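Colleague: In our numbering, the protein residues as written are 1034 to 1171. Here a beta-carbon is modelled for each residue, glycine too, at the ideal position from N, C-alpha and C. Please read all numbers here as calculations on a predicted model, not as lab measurements.
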């Protein structure tokens, strides 16, 4: 696996107005070498797509087709995310003033020694402070 993927980059693929060359590069990397995500990734992605349905941004068919497409990507769910939630993840959240959800991506990238693909400014700042390589934005 080549990187840790967060929901902001994932959804930039879905909502094409948010994509760009760096985001497209991440998709190419994920397609060719795979990615790791914390166990909450599927919930986050599904929730954002469901909220899009409720807000009239797209319909259920778009949501369902998007989830089916994402399921085809070589994305591995990290089974140890919750084991670190009350320790390393919480400490990263506290230290960098992140949500625990965002800190889970950072913790996973640090633990696996992988680059983090995110568009979230606070998470990018924390990753830089932790010397975690970044992908997803110029």
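(1) Considering Cα atoms alone, identify which of 1148, 1156, 1163, 1155 is closest to residue 1066.
(2) Closest to residue 1099 by CA distance: which of 1080, 1157, 1116, 1110 is it?
(3) Confirm the yes/no value for this check: CB of residue 1048, any heavy atom of the ligand NAD, distance under 7 Å.
(4) State yes or no: is the beta carbon of residue 1078 nearer than 8 Å to at least one beta carbon in chain D?
(5) Pull up the CB-CB distance for residue 1040 and residue 1074, whole angstroms please, since I reckon it's below 8 Å.
(6) Can you give the Cα-Cα distance for residue 1157 and residue 1085, rounded to whole angstroms?
(7) If you compare alpha carbons, which of 1061, 1087, 1076, 1120 is closest to residue 1106?
(8) According to DSSP, simplified to helix, strand and coil, what is residue 1107?
(9) Nearest to residue 1111 by alpha carbon, out of 1088, 1144, 1102, 1104?
(10) Buried or exposed for residue 1173, going by 16 or more other Cβ atoms inside 10 Å?
(11) Under the three-state reduction of DSSP, which class applies to residue 1139: helix, strand or coil?
(12) Going by the beta-carbon positions, is the gap between residue 1139 and residue 1114 smaller than 8 Å?
(13) Compare the beta carbon distance of residue 1056 and residue 1042 with 8 Å and say whether it is the shorter of the two.
Modeller: Working from what's here:
(1) Answer by Cα proximity: 1148.
(2) Closest option to residue 1099, Cα to Cα, is 1080.
(3) Looking at this structure, you won't find the ligand NAD or any other ligand, since it has none at all.
(4) This model lacks chain D altogether; it includes just one protein chain.
(5) The Cβ separation is near 6 Å, so the contact holds.
(6) If you take the alpha carbons of residue 1157 and residue 1085, they lie about 25 Å apart.
(7) Nearest C-alpha to residue 1106: 1061.
(8) Coil.
(9) Looking at the Cα atoms, 1144 is the closest of the given residues.
(10) With the chain covering only 1034 through 1171, there is no way to say anything about residue 1173.
(11) Residue state, collapsed to three classes: helix.
(12) No.
(13) Going by C-beta atoms, residue 1056 is nearer than 8 Å to residue 1042.
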